[in-house]
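>
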Amino acid sequence: MSILSKSPPRSKDEEGVGAAVAAVLSTEGRIDVLVNNVGIYPHRPFEELTYAEWRHVFAVNLDSVFLCTHAVYPAMRERGYGRIVNVSSSTFFIGYPGLAAYIASKGGIIGFTRALASEAGPHGITVNAVTPGLIATEGVLGGEEADLFDEIVPQQALPRRGEPEDIADCIAYLASPAAGFITGQTINVDGGHRFH
Numbered sequence: 002m003s004i005l006s007k008s009p010p011r012s013k014d015e016e017g018v019g020a021a022v023a024a025v026l027s028t029e030g031r032i033d034v035l036v037n038n039v040g041i042y043p044h045r046p047f048e049e050l051t052y053a054e055w056r057h058v059f060a061v062n063l064d065s066v067f068l069c070t071h072a073v074y075p076a077m078r079e080r081g082y083g084r085i086v087n088v089s090s091s092t093f094f095i096g097y098p099g100l101a102a103y104i105a106s107k108g109g110i111i112g113f114t115r116a117l118a119s120e121a122g123p124h125g126i127t128v129n130a131v132t133p134g135l136i137a138t139e140g141v142l143g144g145e146e147a148d149l150f151d152e153i154v155p156q157q158a159l160p161r162r163g164e165p166e167d168i169a170d171c172i173a174y175l176a177s178p179a180a181g182f183i184t185g186q187t188i189n190v191d192g193g194h195r196f197h
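Our numbering puts the first residue of the sequence shown at 2, with every later residue one more than the last.
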C-alpha cells in the first residue's frame, strides 16, 4: 500500500475545532451561519520577514478559515442551507509595504471564498467575503495604525471614521436569508476609500 494513500493525522487545531462544532450541533441541532473573522498583522519589511513568521500569519489568518469552514460544511450541506462570511481586508486592493504576509493571507481568503462559493452553491450555501477598511477597533486605536485616520478619512467618499458596527451590519446582512442570491462576492466596506 502506498504511503500517499494514508490520511495524515489530525492536528490539535483540527481536533479542537471539530469538537467545538460537534458541541454546537449537539446542543443546537444545526449551524446556520459561520463568520470567519481573525487576523494578525505584524509589520515587517519583506527582507526581515522570516519563513516562520510567514507561516504563523498564514496559520492564524488563512488556515483557521479552512479549519472552521471544513468543520461546519458537512452539516450545512446535509441541511441544504448555510451562510459563510469570511473577513478579509481592503489592504488586499492597496498592497501596503511591510504587510506582505498579512495581505497574502487575506488575499487567500478572497480566492477561497470564490472557489468555495461555486462548490457550495448547489447545496444552498452562500459564501461571501467582507473587506474592511481602517476601522476604529480597540486593536487599531491602541496601535500605530491610529495615526492613519487623519490621512485616510479625508480620502474617503464618506469622510468619517469607520466603526465596528459598519462591518457588523454588512456581515449581518450577508448572513441573513435576505442575502440568499448573493454568493462568491467581496464587499468592500471602507467608506469609499477605494472603488473596486
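Backbone N, C-alpha and C fix where the C-beta goes; we use that ideal spot for every residue, glycine too.
Roughly how far, in whole angstroms, is the beta-carbon of R115 from the beta-carbon of A137, given that I think they are within contact range, below 8 Å?
Between A137 and R115 the Cβ distance is about 29 Å, and since that is not below 8 Å, they are no contact.
> What is the DSSP secondary structure of P43, reduced to helix, strand or coil?
Here P43 sits in coil by DSSP.
> Between the Cα of G83 and those of N62, I111, S89 and H71, spot the shortest distance and give me the residue it belongs to.
It is H71.
> Helix, strand or coil for R78 per DSSP?
DSSP places R78 in helix when its eight states are reduced to three.
> Going residue by residue through the region 121-168, where are the continuous alpha helix (DSSP H) segments of at least 4 residues, counting only ones entirely within it?
The qualifying runs are 139-142 and 150-153.
> Under three-state DSSP, which class holds T51?
Note: T51 maps to coil in three-state DSSP.
> For V194, count neighbouring Cβ atoms within 10 angstroms of its own Cβ and tell me buried if that reaches 16, exposed if not.
Checking the sequence, you will find His at residue 194 rather than Val. Classification for H194: buried.
> For the beta strand (DSSP E) that G83 lies in, which residues bound it at each end?
Unbroken beta strand (DSSP E) run through G83: G83 to V88.
> Using a Cβ-Cβ cutoff of less than 7 Å, which residues in the same chain neighbour R80 once the five nearest sequence positions on both sides are dropped?
The answer, listed in chain order, is R31.
> So, using beta-carbon positions, are P133 and I85 closer together than 8 Å?
No, Cβ-Cβ distance for P133 and I85 is not below 8 Å.
> Count the other C-beta atoms from every protein chain shown that fall within 10 angstroms of the C-beta of G181, then say buried if there are 16 or more, exposed otherwise.
Label assigned to G181: exposed.
> Less than 8 Å between the CB atoms is what I'm expecting for G99 and H44, so what's the real figure, rounded?
Between H44 and G99 the Cβ distance is about 4 Å, and since that is below 8 Å, they are a contact.
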